[in-house]
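Peer 1:
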Amino acid sequence: MNSKAKFSFFLVVLAALLTLTSAAFGLERGANGWYQTGSGVRTKSIAFINVKVYAISHEMKELPASKSKQAVIDADVDKRFTWQTLRDLPCEKIQNAMREAFAMNHYSDQGKINAYVGACNKGELPEKTGLSISYNSTTKKTTIWIAGAGSATIDGVEFMKAVWSCWFGVIDQPALGNALISRL
12 MNSKAKFSFF
22 LVVLAALLTL
32 TSAAFGLERG
42 ANGWYQTGSG
52 VRTKSIAFIN
62 VKVYAISHEM
72 KELPASKSKQ
82 AVIDADVDKR
92 FTWQTLRDLP
102 CEKIQNAMRE
112 AFAMNHYSDQ
122 GKINAYVGAC
132 NKGELPEKTG
142 LSISYNSTTK
152 KTTIWIAGAG
162 SATIDGVEFM
172 KAVWSCWFGV
182 IDQPALGNAL
192 ISRL
């Protein structure tokens, strides 16, 4: 084999190894600089029917050391959820669901909870409304933004952990939390 053929063979082998190594070590950072750890659909059972409520995805700037919901909750890195409503949703129902999720996860700072749920400040969010919840690890602030409704920014790492616990902690739909880390 001549040197040109050896070099070509080397490049092919190197490319294959890089592909295998990348696959073996998991998730790759997207072009936007974020890792998408997973996505899912929140459902609610009404009588004997499961109704789709919103589609949600989760992204992180840095990945946790272990693949666990608790590691994602505890990660003090930039991270975010993005939602899209799959039906019309009254703000009152969203606020109540958020309050219940905080209570199930033993978070009780009512001042911060009230500010957070106050971002949903109109009567009803129409189907296909966008919503984002993001944490900035530099400023230690969690921001919720709801298209056409409102936003709120709350200080503190403990509040961020409480918010992330709503999907990765105690939740009435544990499969959703699993889906949100399925790509880790």
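Numbering (the working numbering), first residue to last: 12 to 195.
A virtual CB, placed ideally from N, CA and C, is assigned to each residue, including glycine.
All values derive from a computational prediction rather than experimental measurement.
(1) Got a sec, what are the start and stop residues for the beta strand (DSSP E) S176 sits in?
(2) Taking G180 as the reference, which of Q81, F92 and G51 has the closest Cα?
(3) Do you know how far the Cα of Q95 is from the Cα of G159?
(4) Closest by CA to Y118, which one among A86, W45, C177 and I57?
(5) Provide the residue(s) that pair with H69 in DSSP beta bridges, ordered along the chain.
(6) Which whole-angstrom value describes the C-beta separation of A173 and N116, a residue pair presumed to lie in contact below a C-beta threshold of 8 angstroms?
(7) So, for G167: in the same chain, excluding its five sequence neighbours on each side, which residues have a beta-carbon less than 7 angstroms away from its beta-carbon?
(8) If you run the structure through DSSP and keep just helix, strand and coil, what is N116?
(9) Counting pairs of beta carbons, one from the stretch 76 to 90 and one from the stretch 61 to 68, are three or more of them closer than 8 angstroms?
(10) Between D183 and the rest of its own chain, which residues show a CB-CB distance below 7 angstroms, the 5 nearest in sequence each way excluded?
(11) For P101, which beta-bridge partners are listed by DSSP?
(12) Buried or exposed: A112, going by 16 or more other Cβ atoms within 10 Å of its Cβ?
(13) Within this structure, are the beta carbons of E88 and M109 separated by less than 8 angstroms?
Peer 2: According to the structure shown:
(1) In the sequence shown, residue 176 corresponds to position 165, counting from 1. Unbroken run through S176 is the alpha helix (DSSP H), V168 to F179; no beta strand (DSSP E).
(2) Sequence index remark: in the sequence shown, residue 180 carries index 169 (1-based). If we check each option's Cα against that of G180, Q81 comes out closest.
(3) To locate residue 159, count along the sequence shown from 1; it is residue 148. To locate residue 95, count along the sequence shown from 1; it is residue 84. Taking the straight line from one Cα to the other gives about 13 angstroms.
(4) Position 107 of the sequence shown, counted from the first residue, corresponds to residue 118. The shortest C-alpha separation from Y118 is found at C177.
(5) For the purposes of this step, residue 69 is taken as the residue at position 58 of the sequence shown. BP columns for H69 point to G49 and F92.
(6) Within the sequence shown, numbered from 1, the residue matching residue 173 stands at position 162. Within the sequence shown, numbered from 1, the residue matching residue 116 stands at position 105. Indeed, because the Cβ distance is near 6 angstroms, the residues count as touching under 8 angstroms.
(7) Taking the sequence shown and counting its residues from 1, one reaches residue 167 at position 156. These residues qualify, in order along the chain: K151.
(8) One-based indexing of the sequence shown puts residue 116 at position 105. Three-state DSSP puts N116 in coil, outside helix and strand.
(9) no
(10) Position 172 of the sequence shown, counted from the first residue, corresponds to residue 183. None.
(11) Within the sequence shown, residue 101 is the residue found at index 90, counting from 1. Paired residue(s): E135.
(12) Along the sequence shown, one-based indexing puts residue 112 at 101. Answer is buried; the Cβ neighbour count reaches 16.
(13) For this step, residue 88 is matched to residue 77 along the sequence shown. For this step, residue 109 is matched to residue 98 along the sequence shown. Correcting the residue identity first, residue 88 is Val in this sequence and not Glu. Cβ atoms of V88 and M109: not closer than 8 angstroms.
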